[in-house]
Each structure stands twice: as C-alpha cells, then as structure tokens.
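S.K.: The structure's right below; bear with me while I get my questions together.
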Ligand SMILES: [Zn+2]
C-alpha cells in the first residue's frame with residue numbers, strides 16, 4: 018500500500034482488502050489488491066480497474082477453498098488527513114447494505130499523508146434504529162505466538 022501510495026501521489030489510489038473472519042469480532046487481512054492496470058487516478062479520487070479486481074478476488078476465493086473473501090477497501094489521501102470524508106462514510110454504509118457485496122461489516126483503510134503516511138481503519142456499527150454509524154476499527158499486526 019505504501020509503495021502504491023508513493024507511486025501515484027499526488028493522485029489518489031486504492032484497492033480491495035481480502036481475508037477472512039477468524040471469529041465474530043476479528044477479521045484477518047490476507048491480501049491487499051491494488052487499483053489494477055487500467056485504473057484512472059486524480060488528486061481527489063480514482064476509478065479502479067473493476068475487471069482486474071473482480072478477477073483477483075475470484076482467484077483468491079477459489080485458491081483458498083472459498084475461505085478468503087472481500088473485507089473492504091483501502092485508499093489514499095495524498096497531502097491530507099487519514100480521516101473518512103463524507104463520501105467515504107457513504108461508501109462504507111452503502112457496501113454494508115449492498116446484498117451483492119456480501120459484506121455486512123466492511124472495513125475501510127485510509128492512508129493519509131501529513132509529514133509521512135499514516136494508516137487508519139474504519140468500519141460500520143449499528144446505530145440508532147436502522148442506521149449505521151462509521152467509527153474507528155481496531156487494527157493490529159500479527160503477534161508472534
Ligand atoms: Zn477518502
């Protein structure tokens with residue numbers, strides 16, 4: 018992610034997060050998919066190469082015996098804070114409610130860039146009545162056993 022963030026700045030880039038749920042509360046991220054060769058990038062957004070991303074997701078799904086699935090998305094905010102924009106929050110809520118995404122608790126990783134790149138993690142939580150609130154997700158690296 019860091020390499021791709023540097024490669025595309027000052028334009029945005031991003032991609033998919035793949036992995037599996039270890040239990041009810043912990044997801045394990047196993048693959049980070051990039052934007053794809055035909056993606057377009059500009060300073061306030063990017064349009065991913067959807068065919069590439071779908072093919073990579075399908076490959077991982079089959080290769081893993083249908084264990085690895087879509088967990089969410091990542092993207093960069095070159096020269097800006099690693100906090101979700103109004104659009105980002107809308108995207109997270111939309112994915113959570115989209116039956117085709119099959120991802121009721123999507124994650125969004127944002128790489129912001131102040132003096133150096135910083136990574137933050139976000140997800141949706143049930144809120145008042147049927148609403149979904151976007152809030153921080155806890156992210157930790159693997160610990161040696
Ligand atoms: Zn954003």
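Residue numbers (this note's numbering): 18 to 162. Just so it is clear, CB atoms sit at the ideal spot from N, CA and C, and this is done for glycine as well.
1. Can you tell me the Cα-Cα spacing of residue 128 and residue 71, whole angstroms?
2. If the criterion is Cβ atoms closer than 8 Å, does the pair residue 46 and residue 34 meet it?
3. Sorted by chain position, which residues of the same chain lie with C-beta nearer than 7 Å to residue 53's C-beta, five sequence neighbours on each side aside?
4. Considering Cα atoms alone, identify which of 117, 107 and 131 is closest to residue 141.
5. Determine the DSSP secondary structure at residue 103, reduced to helix, strand or coil.
6. Would you check if there are 3 or more beta carbon pairs closer than 8 Å linking the segment 34 to 44 to the segment 85 to 99?
M.R.: According to the data block:
1. When only Cα atoms are considered, residue 128 and residue 71 end up about 23 Å apart.
2. Taking 8 Å as the cut-off, the Cβ atoms of residue 46 and residue 34 count as close.
3. In the same chain as residue 53, and ignoring 5 residues on each side of it, the C-beta atoms closer than 7 Å to its own belong to 65, 66, 69 and 70, in chain order.
4. Answer by Cα proximity: 107.
5. If DSSP states are grouped into helix, strand and coil, residue 103 belongs with the helices.
6. By the Cβ test, the segment 34 to 44 is in contact with the segment 85 to 99, since at least three Cβ pairs between them sit closer than 8 Å.
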